[in-house]
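Right, one structure below, let's go through it.
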Amino acid sequence: MHQHFASPTPAATELPRPKAHQPVMPWEPRLEGLLCPDVLAAFDREQFESDGYWLWAGALTDEGRARMTAELQRLQAMQDYMVRNTRWADGIDWVARGLPPPPPERLTAEWREARVCGGSEQLSYYPAQGDMPEVGKGFLNMPTRAFMADVGLFGTGADSLATDGTWPSQGHVPEFAPLCHSPFLLDLATSHPQMMALFGKLFPGERFCIDHANVLNRKQGEGPGRHWHGHRYGDGRYEEHEEDSDGSPNPEFLRRQCIRTLCYPEGAVSAEEGGYGGELGLVPGMHLCRVPFEASFSQADDAAMEQWLQGKTHPRHGTPLRIKRLTVPPGSFISFCHHMPHWVGPRVVDAPTRWAFLFANRTPLPHAVAEREAATTAGEETSRWGPVMPAQWLRRMDAAIARGEHPPWSETARSILGPD
Ligand SMILES: [Fe+2]
68 MHQHFASPTP AATELPRPKA HQPVMPWEPR LEGLLCPDVL AAFDREQFES
118 DGYWLWAGAL TDEGRARMTA ELQRLQAMQD YMVRNTRWAD GIDWVARGLP
168 PPPPERLTAE WREARVCGGS EQLSYYPAQG DMPEVGKGFL NMPTRAFMAD
218 VGLFGTGADS LATDGTWPSQ GHVPEFAPLC HSPFLLDLAT SHPQMMALFG
268 KLFPGERFCI DHANVLNRKQ GEGPGRHWHG HRYGDGRYEE HEEDSDGSPN
318 PEFLRRQCIR TLCYPEGAVS AEEGGYGGEL GLVPGMHLCR VPFEASFSQA
368 DDAAMEQWLQ GKTHPRHGTP LRIKRLTVPP GSFISFCHHM PHWVGPRVVD
418 APTRWAFLFA NRTPLPHAVA EREAATTAGE ETSRWGPVMP AQWLRRMDAA
468 IARGEHPPWS ETARSILGPD
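Residues 68 to 487 (the numbering used here) make up the sequence shown, in order.
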């Protein structure tokens, strides 16, 4: 469910700006030994294409695992600090920025503490628009998110996102702009040789870009999982058949893919197996049925999904399709085709925070490539960057690179963050 909002367009010169020469982000040396080479080497392309997923069990080295957990904890702490200490109700000048202020009843300290702090997917909500009901938990509406990406929520004093002084404000929040707040994760997403080798196995011989990258820390004590659903590739125009049809599955692994790589530095194990729950379930083989929405938003639980799977068989092997719940040991990644139906199990009462990060990568959208090439041929100027990273941050990074304050973009980073 994606809703597009027009970017706000207040007079940019009247808006608060970041302090001059404030570093965009600190830089730090790469952790070379991030992944275990034998886990990388064990990837079986044929199995991946048959199952639609791959469990990189124990992929992170001990050092890599500790580093990723610490980074996810650091990002959560930064975000919680912002949620607690930014003067959302009486400091941020929403009117000056042309933004609808958050609902006042959601801005009390108690509400923020109880409902927003401690995990991901708590911060944002979609404002009611037309027949679209207000959903979500938090107080950052979509126009505000768009503004944070385009201009940045910079200010002075109370009229700014709070930082504790140990990190520079990025005008945005870590949950939705984690790569802007974490040199470590930015490196993993765009340049780290071992991660590029991993992504390269998912997209052999193909260019890929970032579809999105999100922190997915599950809040302490947050019980409900996520019902069965799938995601589209792009805007869905390349799906194999209409969402309500029962069109024939295609036994060929499609080259156009969006592939999610979920990273669990502390693992995710079902309650039945003695874990805290929150494990990932999916249906191996169903990635060959390019029908993400046949399974979306309607299969509430395993029983409903089992019933829906009755009589359906693996398009290559003819074997019955079955739900697979994955036991994920600490330090593991799971990569899977994101249109395949998947589900996240409920978590046990008082489960501690589940630390996780998502890299979603995809092949460039053919129509977007064609449009860009046509524009280039016509002599029109095209953006160097895709839409994933906040535009205000990219501008500031480019300026910092030009001033020699930051290492230049790597070639792979320019490709991965570039336009389709
Ligand atoms: Fe999902």
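Heads up, the beta-carbon is just placed ideally off N, CA and C, and yes, glycines get one too.
| Query | Result |
| --- | --- |
| For R481 and Q459, I'd like the C-alpha separation in whole angstroms. | 17 Å |
| Can you list the residues near ligand 1, meaning Cβ strictly closer than 6 Å to any non-hydrogen atom, in the order they appear in the chain? | H296, H298 and H409 |
| Three or more beta-carbon pairs under 8 Å between the segment 426-438 and the segment 274-287, yes or no? | yes |
| Taking the alpha helix (DSSP H) that W375 falls in, what are its first and last residues? | D369 to L376 |
| Can at least three beta-carbon pairs, one atom from the segment 334-349 and one from the segment 261-272, be found at a separation below 8 Å? | no |
| Please identify the residue among P316, T449 and W375 whose C-alpha is closest to the C-alpha of P382. | P316 |
| According to the Cβ coordinates, are K204 and E188 closer than 9 Å? | yes |
| Got a sec, what are the start and stop residues for the alpha helix (DSSP H) N281 sits in? | Premise fails: N281 lies in the beta strand (DSSP E), C276 to V282, not in any alpha helix (DSSP H). |
| With 16 other CB atoms within 10 Å as the buried threshold, where does E138 fall? | buried |
| Between F400 and L102, what straight-line distance do the alpha-carbon atoms span, to the nearest angstrom? | 10 Å |
| Which word fits A335, buried or exposed, when buried means at least 16 other C-beta atoms lie within 10 angstroms of its C-beta? | buried |
| Among the candidates P396, D129, A370 and G398, whose CA atom is the shortest distance from the CA of R389? | A370 |
| Smallest Cα separation from E95: which of F221, R134 and V106? | R134 |
| Between F206 and E373, what straight-line distance do the alpha-carbon atoms span, to the nearest angstrom? | 37 Å |
| Quick one: what's I326 bridged to in DSSP? | C404 and N428 |
| Please go through the same chain and pick out, in chain order, the residues whose beta-carbon is closer than 7 Å to the beta-carbon of S191, but skip the five residues on each side of it. | G203, G205, L207 and R212 |
| Return yes when the Cβ of A244 is within less than 9 Å of the Cβ of P457, no when it is not. | yes |
| For the putative contact between P332 and P397, defined by C-beta atoms under 8 Å, what is the C-beta separation to the nearest angstrom? | 7 Å |
| Indicate whether P241 and L142 have their beta-carbon atoms separated by less than 9 Å. | yes |
| Closer than 6 Å by C-beta to A362: which residues in its own chain qualify, once you throw out the five before and the five after it? Chain order, please. | Residue placement at A362 cannot be trusted, given a pLDDT of 49 that sits under 50; what the coordinates show is reported in the next sentence. Counting only Cβ-Cβ distances below 6 Å, and skipping sequence neighbours, we find W295, G297 and P408. |
| Can you have a look at M145 and say buried or exposed, based on whether 16 or more other CB atoms are within 10 angstroms of its CB? | buried |
| With DSSP as the reference, label F347 as helix, strand or coil. | Checking the sequence shown, residue 347 turns out to be Leu, not Phe. Three-state DSSP puts L347 in a strand. |
| Mark T153 as exposed unless 16 or more other C-beta atoms lie within 10 angstroms of its C-beta, in which case mark it buried. | buried |
| Is the separation between the beta-carbon of P486 and that of W452 shorter than 9 Å? | yes |
| Roughly how many angstroms lie between the CA atoms of A469 and R463, to the nearest whole one? | 10 Å |
| Across which residues does DSSP place H296 in a beta bridge pair? | H409 |
| Out of P291, P318, G288 and L107, state which residue places its alpha-carbon closest to the alpha-carbon of S117. | P318 |
| Quick one: Cα of A338 to Cα of V415, how far? | 7 Å |
| Rounded to a whole number of angstroms, what is the C-alpha to C-alpha distance between L220 and G341? | 43 Å |
| Within its chain, find whatever has a CB closer than 6 Å to the CB of L376; leave out the 5 residues flanking it on each side and keep chain order. | L388 |
| Which first and last residues belong to the alpha helix (DSSP H) in which F121 is found? | The sequence as given places Trp at residue 121; Phe does not occur at that position. Counting along the chain, W121 falls outside any alpha helix (DSSP H), though it belongs to the beta strand (DSSP E) covering Y120 to W123. |
| List the whole-angstrom C-beta distance separating V411 from G292, where the pair is believed to meet the contact cut-off of C-beta under 8 Å. | 4 Å |
| What does DSSP give as the partner residue(s) for T380 in the beta ladder? | P387 |
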